[in-house]
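Peer 1:
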Amino acid sequence: MSDTAIVGGSWPMSVRSPGKFIVFGEHAVVHGAPELLVAIDLHLQVGVATAPEFQLNREPMARSANPYLARGLERFWPSGAPVAITTSSRIPRAAGLGSSAAFVAALGAAFGSASGGVARDALAQSSFEVERGAQGAGSPGDTSAVVAGGCVALNSPSGTLLWETTVGDARWTVRRVSDPRWVWVVAYSGLPRSTATAVQRVGHRLAEPDGPELLQRFREVATAGIGAWIREERTEVGRLMQENQRLLAEVGVSNPRLEALISAVAPVAEGAKITGAGCGGSIAVLPQPGREAEAVRRLARAGAVALAVRPSTRGVDVVGSG
Ligand code: MEV
Numbered sequence: 005m006s007d008t009a010i011v012g013g014s015w016p017m018s019v020r021s022p023g024k025f026i027v028f029g030e031h032a033v034v035h036g037a038p039e040l041l042v043a044i045d046l047h048l049q050v051g052v053a054t055a056p057e058f059q060l061n062r063e064p065m066a067r068s069a070n071p072y073l074a075r076g077l078e079r080f081w082p083s084g085a086p087v088a089i090t091t092s093s094r095i096p097r098a099a100g101l102g103s104s105a106a107f108v109a110a111l112g113a114a115f116g117s118a119s120g121g122v123a124r125d126a127l128a129q130s131s132f133e134v135e136r137g138a139q140g141a142g143s144p145g146d147t148s149a150v151v152a153g154g155c156v157a158l159n160s161p162s163g164t165l166l167w168e169t170t171v172g173d174a175r176w177t178v179r180r181v182s183d184p185r186w187v188w189v190v191a192y193s194g195l196p197r198s199t200a201t202a203v204q205r206v207g208h209r210l211a212e213p214d215g216p217e218l219l220q221r222f223r224e225v226a227t228a229g230i231g232a233w234i235r236e237e238r239t240e241v242g243r244l245m246q247e248n249q250r251l252l253a254e255v256g257v258s259n260p261r262l263e264a265l266i267s268a269v270a271p272v273a274e275g276a277k278i279t280g281a282g283c284g285g286s287i288a289v290l291p292q293p294g295r296e297a298e299a300v301r302r303l304a305r306a307g308a309v310a311l312a313v314r315p316s317t318r319g320v321d322v323v324g325s326g
């Protein structure tokens, strides 16, 4: 279902996109390593309608304040006819849970649908270019996950090929992998973060003499993790998440607040780690079976916004048109 195209529609239109979390491989994926992501049932909704002047949430639109919007309109709506855009979202912003990818993909789906429809591989490519242009760095992981829905693996030999995404000489494969149907917990630390700054920090760290060896360890953990995921080895997935977290700390994107959240949930978790850029943002937790509510309680007591989430099988799509 999620691999089908976004079909043609007309204004006013409503589009819904899932958010995402990352099980293995953030940061290293920017440098070509494997990554595993899950689209989740926290959604962002965008409405688009014709209007006499450009509006965002019923105010005159200030594009310069939002580079994702500015670049999205430039790319997806070259006709430039005025439109009114409304947004509502349950995905915390700048929290590592895919809010900017969801926003960009929803814009692309809305304008692609109004222009006669758009294939998902093309939407994944253009959404990535817009997101990367707006933030100045990054991989197509987040945009691929929200466009495809479900569980996706980048740069992995396992799974069914969905598409390839490129920028310059860099190329990432995106594959569909099965969903073991576990319930997850995500917890936002309350510290917003900048993806570009964190990606830059890791880039510098990986340029040090031991960088190639570190990147190789990221690769090994993600490759083993994706294998364990496909075999539905829950305990092993959790153990490898912990190992991935140690590597993320080594490249400088963990901090005491995130480590405190990870410690708070550890007694009821198979594994817990940063999801996304780190330096703030959120953690993703694989709870022990049946301990989801307790994981949420522990994280809330530690001051996080904690939510139990499930994979969203549906990627970005038009939910109302005409
Ligand atoms: C951000 O969610 C994940 C990073 O790997 C950046 C990216 O892949 O675009 C840190």
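If you read the sequence shown in this note's numbering, its first letter stands for residue 5, the second for the next number, and so on. We treat Cβ as the ideally placed atom computed from N, Cα and C, and that holds for glycine.
Nearest to Pro260 by alpha carbon, out of His47, Gly284, Val187, Trp167?
Peer 2: The shortest Cα separation from Pro260 among His47, Gly284, Val187, Trp167 belongs to Gly284.
Peer 1: Count the other CB atoms within 10 Å of the CB of Pro38; is the residue buried (16 or more) or exposed (fewer)?
Peer 2: Its Cβ being crowded by 16 or more others within 10 Å, Pro38 is buried.
Peer 1: Is there contact here, the region 41-52 with the region 85-105, by at least three beta-carbon pairs under 8 Å?
Peer 2: Short answer: they touch.
Peer 1: Any idea which residues DSSP pairs Ile95 with across the strands?
Peer 2: DSSP lists no partner for Ile95.
Peer 1: Taking the runs of the alpha helix (DSSP H) that are 4 residues or longer, which of them lie wholly in the region 185-272?
Peer 2: If we require 4 residues or more, the alpha helix (DSSP H) runs fully inside the region 185-272 come out as 199-210, 215-234, 238-254, 260-269.
Peer 1: Where does Ser148 fall in DSSP's three states?
Peer 2: DSSP places Ser148 in helix when its eight states are reduced to three.
Peer 1: Less than 8 Å between the CB atoms is what I'm expecting for Ala109 and Val156, so what's the real figure, rounded?
Peer 2: That belief does not hold up - the Cβ atoms of Ala109 and Val156 are roughly 13 Å apart, past 8 Å.
Peer 1: Would you mind reading off the limits of the alpha helix (DSSP H) that contains Ser104?
Peer 2: 103-118 is the span of the alpha helix (DSSP H), which, as asked, contains Ser104.
Peer 1: Start and end of the alpha helix (DSSP H) containing Arg75?
Peer 2: Segment 71-80, the alpha helix (DSSP H) holding Arg75.
Peer 1: Could you pull out every residue in the same chain whose Cβ sits closer than 6 Å to the Cβ of Gln139, ignoring the five residues on either side in sequence?
Peer 2: Excluding positions up to five away in sequence, the list reads Thr199, Ala200.
Peer 1: On the DSSP letters alone, give me the boundaries of the alpha helix (DSSP H) that Gln129 sits inside.
Peer 2: That run of the alpha helix (DSSP H) goes 124-139.
Peer 1: What residue from Ile230, Ala211, Gly116, Gln129 has the CA that sits closest to Leu244's CA?
Peer 2: When only C-alpha atoms are compared, the closest one is Ile230.
Peer 1: With a threshold of 6 Å on Cβ separation, who are the neighbours of Ala99 within its own chain once the five nearest residues in sequence on each side are excluded?
Peer 2: For Ala99, where only same-chain residues beyond five positions count, the Cβ hits under 6 Å are Tyr192, Gly285, Ser286.
Peer 1: Determine the DSSP secondary structure at Ala1, reduced to helix, strand or coil.
Peer 2: Any answer about residue 1 is impossible in this case: the structure gives the chain only from 5 up to 326.
Peer 1: How is Val33 classed by DSSP in three states: helix, strand or coil?
Peer 2: The answer is helix: DSSP assigns Val33 an H, G or I state.
Peer 1: What is the DSSP secondary structure of Glu63, reduced to helix, strand or coil?
Peer 2: Strand, per DSSP.
Peer 1: With DSSP as the reference, identify every bridge partner of Arg302, one or two as the case may be.
Peer 2: According to DSSP, Arg302 bridges with nothing at all.
Peer 1: Can you tell me which of the three DSSP states Glu296 falls into?
Peer 2: If DSSP states are grouped into helix, strand and coil, Glu296 belongs with the helices.
Peer 1: Starting from Trp15, follow the beta strand (DSSP E) in both directions and report where the run begins and ends.
Peer 2: Here Trp15 belongs to no beta strand (DSSP E), and DSSP marks it neither H nor E.
Peer 1: Among residues of its own chain, excluding the 5 on either side of Glu274, which ones have a beta-carbon nearer than 8 Å to its beta-carbon?
Peer 2: Here the set comprises Arg238, Thr239, Val241, Gly242, Arg243, Met245, Leu290, Pro291, Gln292.
Peer 1: Kindly examine ligand 1 and report whether one of its heavy atoms sits closer than 8 Å to the Cβ of Ser143.
Peer 2: Result yes, Cβ under 8 Å from ligand 1.
Peer 1: Count the C-beta pairs between the region 212-223 and the region 262-272 that are closer than 8 Å, then say yes if the count reaches three, no if not.
Peer 2: No, because fewer than three Cβ pairs between the region 212-223 and the region 262-272 fall closer than 8 Å, the two stretches do not touch.
Peer 1: Please report how far the alpha carbon of Phe115 lies from the alpha carbon of Gly294, in whole angstroms.
Peer 2: Straight-line Cα distance between these residues: approximately 42 Å.
Peer 1: Could you check where the beta strand (DSSP E) with Thr170 kicks off and where it finishes?
Peer 2: That run of the beta strand (DSSP E) goes 164-171.
Peer 1: Could you give the distance in angstroms between the alpha-carbon of Arg205 and the alpha-carbon of His35?
Peer 2: Between Arg205 and His35, the C-alpha separation is close to 13 Å.
Peer 1: For Arg20, which residues of its own chain have a beta-carbon under 6 Å away from its beta-carbon, when the five flanking residues on both sides are left out?
Peer 2: Closer than 6 Å at the Cβ level, and outside the excluded window around Arg20, lie His47, Gln49, Val323.
Peer 1: Hey, could you find the ends of the beta strand (DSSP E) Ala312 is sitting in?
Peer 2: That run of the beta strand (DSSP E) goes 309-313.
Peer 1: Go ahead and pull the three-state DSSP assignment for Ser143.
Peer 2: The answer is coil: DSSP assigns Ser143 none of H, G, I, E or B.
Peer 1: Rounding to the nearest angstrom, what Cα-Cα distance links Pro16 and Pro213 in this structure?
Peer 2: In a straight line, the C-alpha of Pro16 is about 55 Å away from that of Pro213.
Peer 1: Give the secondary structure of Ser316 by DSSP, where H, G and I count as helix, E and B as strand, and everything else as coil.
Peer 2: The answer is coil: DSSP assigns Ser316 none of H, G, I, E or B.
Peer 1: State the DSSP-derived secondary structure class of Ser68, mapped to helix, strand or coil.
Peer 2: Helix, per DSSP.
Peer 1: Alpha carbons only, please: which of Arg301, Arg318, Ala306 is nearest the one belonging to Ala312?
Peer 2: Out of Arg301, Arg318, Ala306, Arg301 has the C-alpha closest to the C-alpha of Ala312.
Peer 1: In terms of alpha-carbon separation, which member of Glu236, Gly120, Phe132 lies closest to Phe107?
Peer 2: Measuring from the Cα of Phe107, the nearest candidate turns out to be Phe132.
Peer 1: When DSSP labels each residue in this structure, what does Asp1 get in the three-state scheme?
Peer 2: In this structure the chain extends from 5 to 326, so residue 1 is not present and cannot be described.
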